[in-house]
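All remarks here apply to the structure that follows.
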Amino acid sequence: MAVIASVKGALRLSALNQTARQAGLHKDQTLTDARAIVPKLDCHEADEAADAALLAAIADWCERYTPLLSIDTINGLPGLMLDITGCAHLFKGEDALRLDLISRLTAHGFVSNIAIAATPGAAWGIARYGDLDDSRIVATRAEREHVAPLPLEALRMAPKTVEELKQVGLKTIGCIVDLPRGPLSLRFGRPLLRRLDQALGREEETISPRMAVADLASERQFVDPISLQDDISRSILSLAGNLKPVLEKRALGARVLVLKLFRVDGERRMLSVVTANPEREPAHIEQLFQDRLASLHSPLDAGFGYDLIRLEIATSEPMLHQQADFVSKAPIADSYNALINRLGARLGTDRVQRFAMNDSHIPERSFGVLPSIRTSTAHSNASRTDMSQNMRTQAALSLADAEDVTELDTQLTRPILLLNRPEPVDVMAEIPEGLPQRFRWRKVLYEVAASEGPERIACEWWRDGRQALTRDYFKTEDRAGRRFWMFRLGLYDRESGRPHWYMHGLFP
Amino acid sequence: MHHATATALIDHLHAQDQMRVQTDYQTKSGITLPAALNAQLIPASRLLPKNRTVAEDELAAFFEAGLPSGSLHELRCAHSRDAGALAGFALTLLSRMNTHAHKPVLWICAPFADTSNMTLFPQGLANLGVDPDRLVIVTPLSVKHALWAADEAAKCTDLAAVILHIEGHPGALDMTATRRLNLRASESGTCVIILRQSSEEEANAAITRWYIAPRLSFQSQLHDGLKPDEGIGHTAFSVHLERNRQGATGTASVTWNHQIRGFSHVRYEDHTHAESPSAAEVPQHRIPHPANRQDQPSDMGQIVALPTQLGRSG
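So the sequence lines, in the order shown, correspond to chains A and B. Read in order, the letters of the first sequence are residues 2 to 509 in the working numbering. Read in order, the letters of the second sequence are residues 9 to 322 in the working numbering.
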């Protein structure tokens, strides 16, 4: 069986399985040649996207070992790099970890080569080009003897440099290790030396992990995989309980929590919860995750069960320890914050919103909504944004006007309900700038009893262009007492030939 | 208790016809109106007619102090186009609840079936006297989630009010659900208000049920300096208190006076001339209920025992 891809204008084999290799085929052979040797070759189109997705799924699942992992596809050879510094003891040693990984991957049907070394370079080389019989675990400072017999491709260099070295006669890494460095770098470039140093440990190399690594995490492995919701909740409670003393010591509270559930058969599920205020209490955290689980469209499919559950704190904020009073039960803003957190966890943080003011005089653009969980939390003491300060000074000003001058209209000038999009209305009014007399909105005819206006709101020419039309707003009242806010778009003579009317809002 | 207090105060005012009341006024729900606010109220001699009934006292208490906390209330309007009056009246009642003036208000907007794509306008809210910064808007994707949110919010002690804005009669908000909301509200002391748009009268566990309709604005030369037919006067509502567990019902047409941020020009009307459509069209003994409900309330009325014939054939 082989996978074919179109390379350099011809269909070539890009991957083979063991039987195909034994039959004498090799990579990058053209398909016609391969078919000549093995007529009944089973060919499949190369699907890079699917391959990448599969590699990503394997990487997700390998997070059970360590969160620091990256996918590398240098020179077209896909692989994973895991940084297991300090994790090996959780799995009873590096050897046991390696065997565990091999057995799991084999159970899934993957053939894998795994090497463990003190530097990423050495591990990369040994995994791909090392001798299969050798022990694949290289002790610290023993890289040199293990890396020396490897061919030069194991140094992750460009194929052109490897070709040049081969022409000179250097075939293995051992040949170039002892050569003087100056002429080498002069002839073949600095990257060669850098890769060599990285492989031998003379230069530091770190991997950049796929996903942001959490500050704090607490995990639990289950010998007997669990799948019941109650068990998951209880394990969340105990994991959060493990994290609480650490958070208290650092005077931090969690803002974004991520729960990672690793299934026995290789899948991984992630759930995240964002809170409005730093949280430490295990009971609250468990409640939020229960709400989050309840909000999933389809229930969690545990398959054969989860054998590893990890609770990570992705973002944390300083949180002072609160002294609980003997008399009162809880701090005063606690109930409100807990409610906002729960609503956000269950409904989604973008469904719990507050108003924010924009600097615009077009009514529908003059405000926006922001998710409540991102803004400042408390309602009594916290500082408010400048825009809401403006809002309140405006309201205060209008009240002051009302008290000073009683003859000017102190009426309600803005509706309380606004249509998201102004709806077209059929209006009968005197032209050019008369008040509406009768109009039809949503197929119902309304007779106007009184109206006020116009209030002219000009266009924002810097946003909509100079051709944008002016709006003349009218507050109209019909015979039954309903009060509407509608506008005429465009001035009759100056801006458009036949201005249209729109309904924009309702007054109380 | 409170009727006595209200009556005593009003008599006092009638006797002296003062413009200002210096003492604190205790309303039915225990909310105390501070004396400074009283100074701005239109004097009661102009607020209530001289020979008033118990219903009028009741309504006056609501108009002065808003809805009592710790219970469930329902306000409804007949059509979606009256939504402005409905939301406006609810917000004006909210602005009268002074003791919770600094607490936030949770407004839960259940998704509407039709394309009434209206949102609250913060400048309009500020105009009316409600700080838009107090409002937290929750827009769940289904009515079930909206009810869950209302249940959770009713347990919270730090809110001034929870407003559930729904349309029609969803099957999930039945008698059990409203009883649960009422119970939670009474335990936590929050005021839970259901705003029902385009609905009919329905039996539920709310303490008070109101029917709101818009009214042609009351134009008065005395207050505005406007002549009739010149501009729109003060905002006016026609309010019918359909059911009140702890007092009498009544109908009134009120005007919201923007200058004093309070109600004025209350005209009480006889119950038989109420504008509620259910009273006019439907016979008195039956409350219409929605069709998609499992637990249909039974007909209210007399159950007459029919004499049974013991099995005797022939």
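Ideal Cβ placement from N, Cα and C applies to all residues, glycine included.
- The Cβ atoms of phenylalanine 488 (chain A) and aspartate 465 (chain A) do not sit closer than 8 Å to each other.
- Residues of the stretch 442 to 457 of chain A with a C-beta less than 9 Å from any C-beta of chain B: Trp442, Arg443, Val445, Tyr447, Ala450, Ala451, Ser452 and Glu453, listed in chain order.
- Not one beta carbon of chain A lies nearer than 8 Å to the beta carbon of isoleucine 171 (chain B).
- In the structure shown, the three-state DSSP call for tyrosine 66 (chain A) is coil.
- In summary, alanine 109 (chain B) is exposed, with fewer than 16 beta-carbon neighbours lying within 10 Å of its beta-carbon over all protein chains present.
- Under the three-state reduction of DSSP output, alanine 469 (chain A) falls in the coil class, being neither helix nor strand.
- Residues of chain B whose Cβ lies closer than 7 Å to the Cβ of leucine 420 (chain A) are, in chain order, Asn125 and Met126.
- Leucine 17 (chain A) and lysine 9 (chain A) do not touch by the CB rule: their CB atoms are close to 18 Å apart, not below 8 Å.
- For phenylalanine 508 (chain A), the residues of chain B that pass the 8 Å Cβ criterion are Gly92, Gly96, Gly132 and Thr243, in the order they occur in the chain.
- The shortest C-alpha to C-alpha distance from glutamine 205 (chain B) to any of B:Arg142, B:Ser194, B:Ala93 and B:Gly270 is the one to B:Ala93.
- With contact defined as three or more Cβ pairs closer than 8 Å, the stretch 234 to 241 of chain A and the stretch 92 to 100 of chain A are not in contact.
- Counting other Cβ atoms within 10 Å of its Cβ, phenylalanine 111 (chain A) stays below 16 and is therefore classed as exposed.
- Any Cβ of chain B closer than 8 Å to the Cβ of valine 353 (chain A) would place that residue at the interface, and such an atom is present.
- For isoleucine 374 (chain A), no chain B residue has a Cβ inside 8 Å of its Cβ, as the nearest lies near 11 Å away.
- One finds nothing in chain A with a Cβ atom closer than 9 Å to the Cβ of tryptophan 218 (chain B); even the nearest lies about 14 Å away.
- Taken atom to atom, the span from the alpha-carbon of leucine 83 (chain A) to that of arginine 157 (chain A) is near 17 Å.
- CA-CA distance, arginine 129 (chain A) to alanine 159 (chain A), rounds to 16 Å.
- Taking a Cβ-Cβ threshold of 8 Å, the residues of chain A close to leucine 136 (chain B) are Leu413, Ile417 and Pro509, in chain order.
- Between methionine 320 (chain A) and the set A:Pro425, A:Ala255, A:Pro500 and A:Asp43, the nearest pair of CA atoms involves A:Ala255.
- Interface with chain A (8 Å Cβ-Cβ cutoff): serine 225 (chain B) is included.
- Membership of glutamate 424 (chain A) in the beta strand (DSSP E) is indicated by the continuous run 418 to 430.
- When rounded, the separation of the alpha-carbon atoms in leucine 91 (chain A) and arginine 65 (chain A) is 11 Å.
- Sequence-ordered contacts of the stretch 467 to 479 of chain A with chain B read Lys476 and Glu478 [C-beta pairs closer than 7 Å].
- DSSP places glycine 87 (chain A) outside both helix and strand once states are collapsed to three, so it counts as coil.
- In this structure, valine 265 (chain A) keeps its C-beta atom at 8 Å or more from the C-beta atom of proline 300 (chain A).
- The beta carbon of leucine 492 (chain A) sits closer than 6 Å to the beta carbons of Thr471 from its chain, once the five residues preceding and following it are set aside; these are given in chain order.
- Close to chain B, meaning a Cβ-Cβ distance shorter than 8 Å, is no residue of the stretch 117 to 136 of chain A at all.
- Following the DSSP letters along the chain, one finds serine 273 (chain A) in no alpha helix (DSSP H) but inside the beta strand (DSSP E) bounded by residues 269 to 280.
- Within chain B, the residues placing a beta-carbon under 7 Å from that of valine 370 (chain A) are Ile145, ordered along the chain.
- If you ignore the 5 residues before and after lysine 152 (chain B), its C-beta comes within less than 8 Å of the C-beta of Ala180, all in its own chain and listed in chain order.
- Every alpha helix (DSSP H) of 4 residues or more that sits fully in the stretch 84 to 124 of chain A is shown, in chain order, as 95 to 109.
- In the DSSP assignment, methionine 183 (chain B) falls within the unbroken alpha helix (DSSP H) covering 183 to 196.
- The DSSP-derived three-state label of asparagine 252 (chain B) is strand.
- Residue-level contact by beta carbon fails for glycine 202 (chain A) and chain B, as no gap is shorter than 8 Å.
- Just measuring C-alpha positions, the residue of A:Leu309, A:Val426, A:Ala200 and A:Ala481 sitting nearest lysine 444 (chain A) is A:Val426.
- Under the 10 Å beta carbon count, glutamine 354 (chain A) is surrounded by 16 or more other beta carbons and is classified as buried.
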